[in-house]
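In the working numbering, the protein residues as written are 105 to 286.
Glycine included, C-beta positions come from ideal geometry on N, C-alpha and C.
Everything on this sheet refers to the single structure shown next.
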Amino acid sequence: EGITGNANIKVAVIDTGIDGAHPDLHDNVDMAHGYNFVTNTVDATDDHNHGSHCAGTIGAVSNNGVGVAGVNWNITMIPVKFLAANGSGTLAGVVQAIQFATQQGVKIMSNSWGGGPFTQSLYDAIAEARDHGILFVAAAGNDSSNNDDQGSYPSSYDLSNIISVAATDNRDLLASFSNYGA
């Protein structure tokens, strides 16, 4: 235990939802505690596939002969949908999603999205998560730019609970499209 994860650890996948019926994901997804801020319903099923893709990296079941194995073979992922089927979302939706995930008692929030300028309401929601001991993992961005020169939010907020993650290629080098910086 501990090497392959722990089902007592809850991770909010704040994205387009999760396909809870997917054979690689269903054992590690808690659809009952998810929420959809696009439709304001409890149906947080993925209708874009991005959230499910991210969930697979985080916690796909291993040794089942299907698809991939996630970093954590044993984990509890909660889908928190704020991005619509076309991949778009609102500032109000993501702030509500982060606040909801904080209230769910997650330990980690996965945020593979970004865009827009600095906003105090988003900063405050992430700071509230920090105050609850929650790690906020954020995509560095996909603009091939240095985040130290021009911020990419939410990864560029100066908050101690944010881990900004760049993309790498098949040689484990910085992907050509990925943002970078300290």
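Near ASP134, what residues of its chain come up, given a Cβ to Cβ distance below 6 Å and the 5 sequence neighbours on each side ignored? THR180, ILE182
For PHE204, does the three-state DSSP call read helix, strand or coil? helix
Taking the alpha carbon of GLY171 as the point to measure from, which residue in ASP252, SER156, LYS185 has its own alpha carbon closest? SER156
What's the C-alpha gap between GLU232 and GLN208? 13 Å
Between which two residues does the beta strand (DSSP E) carrying SER214 extend? 212-215
Classification of ASP128 by the beta-carbon crowding that lies within 10 angstroms, buried from 16 upward: buried
Can you look up GLY318 in the DSSP assignment and give me helix, strand or coil? Residue coverage of the chain in this structure runs from 105 to 286, which leaves residue 318 outside it and unanswerable.
Cβ atoms of ALA229 and GLN203: under 8 Å apart, would you say? yes
Any idea if PHE222 is buried or exposed, counting beta-carbon neighbours within 10 angstroms, 16 or more meaning buried? exposed
Per DSSP, cross-strand counterpart(s) of LEU226: Answer by DSSP bridge pairing: none, since LEU226 is not bridged.
For the putative contact between VAL184 and ALA205, defined by C-beta atoms under 8 Å, what is the C-beta separation to the nearest angstrom? 5 Å
Give the DSSP-derived three-state secondary structure of ASP235 in the structure shown. helix
Tell me, to the nearest whole angstrom, how far the beta carbon of ILE244 is from that of ALA270; I am working on the premise that it is less than 8 Å. Note that residue 244 is Ala in the sequence shown here, rather than Ile. Indeed they touch by this definition, with Cβ atoms about 4 Å apart.
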